[in-house]
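In full-length UniProt numbering, the protein residues as written are 1 to 239. Notes to accompany the following structure.
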DNA sequence: GTTGAGCGTT
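This is the structure:
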């Protein structure tokens with residue numbers, strides 16, 4: 001994995017986690033490590049990937065040894081262009097185990113700090129409006145573009161009074177037939193399109209004989225093979 | 001071959 005040869009989190013007892021967003025899908029931990037390591041001591045860099053495909057999800061986690069360096073890296077690397085894309089570095093808000101994190105430092109669960117009834121404000125007063133107002137505001141231009149689109153939409157409307165109607169194909173039903181409750185693995189892959197793939201009260205031989213088969217022997221072998229295939233593919237059906 | 005809001009692994 002993207003670790004340094006260790007499985008799982010090395011040690012988060014005294015490490016600060018930074019969340020890096022807006023990174024390209026081609027950016028790897030090895031590419032971020034030297035970048036973040038230059039600003040401080042990076043303990044580990046982890047990039048969550050998809051279990052199915054294995055591609056990066058577009059964000060990475062960088063763990064620093066000291067909060068000072070982490071904070072510095074956040075202010076320095078936040079907004080840096082990597083691989084042609086601007087990345088966003090910020091302290092992790094949640095932990096790997098769903099634990100609360102303050103400034104990248106893992107804190108005790110709410111149950112523990114629950115007893116702390118001391119000057120506790122119902123809402124955080126650290127709220128700031130510095131979230132989308134960074135170098136290059138895509139939202140700003142987007143808003144303008146959207147406004148234009150809206151105006152245009154109003155002028156050159158479809159003509160009919162059915163804006164809510166969104167039918168991709170009125171003549172064609174997207175899902176006329178719902179998947180049957182049966183465990184249909186591949187309805188189009190198997191040769192049998194009927195319901196029961198393996199009727200226990202029927203002889204495959206008879207069916208084959210009934211069908212036009214120039215070489216019954218070959219058919220028999222094929223049928224046998226098919227049956228075996230079914231057994232292998234869906235042994236559940238058998239019993 | 002693609003995409004773009006967000007919070008993590010043995």
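C-beta: ideal position from N, C-alpha, C; glycine also. As the structure is a prediction and not an experimental result, all values here were calculated from the model.
Nearest CA to the CA of residue i: which residue from the options?
i	options	result
residue 49	40, 60, 43, 97	60
residue 82	75, 62, 66, 32	32
residue 26	100, 68, 54	54
residue 64	89, 40, 13	40
residue 44	28, 97, 58	28
residue 56	70, 42, 24, 79	24
residue 47	105, 62, 73, 72	62
residue 35	80, 85, 97	80
residue 75	84, 85, 89	89
residue 37	52, 85, 72	72
Assign residue i to one of three DSSP states: helix, strand, or coil.
i	result
residue 92	coil
residue 33	helix
residue 86	strand
residue 39	coil
residue 23	coil
residue 53	coil
residue 100	strand
residue 131	Low confidence applies here, because residue 131 scores a pLDDT of 37, under 50, leaving its location unreliable; read the following figure in that light. Coil at residue 131, not helix or strand.
Over the uninterrupted beta strand (DSSP E) stretch that includes residue i, give me the two end residues.
i	result
residue 240	Not covered by the structure: residue 240. The range shown for the chain is 1 to 239.
residue 64	60-64
Would you kindly report the start and end of the unbroken alpha helix (DSSP H) that includes residue i?
i	result
residue 75	67-77
Between the alpha carbons of residue i and residue j, how many angstroms are there, rounded?
i	j	result
residue 22	residue 13	27 Å
residue 77	residue 87	8 Å
residue 95	residue 67	16 Å
residue 99	residue 91	14 Å
residue 159	residue 58	Because residue 159 sits at a pLDDT of 32, beneath the cut-off of 50, its placement in the model cannot be relied upon, and the following sentence gives the value as read from the coordinates. Approximately 41 Å, taken between the alpha carbons.
residue 30	residue 42	12 Å
residue 85	residue 102	27 Å
residue 97	residue 52	22 Å
Contact check, residue i vs residue j under 8 Å by CB: the rounded distance?
i	j	result
residue 19	residue 70	Not a contact, Cβ separation roughly 11 Å.
residue 16	residue 93	At roughly 13 Å, the Cβ-Cβ gap does not stay under 8 Å, so residue 16 and residue 93 are not in contact.
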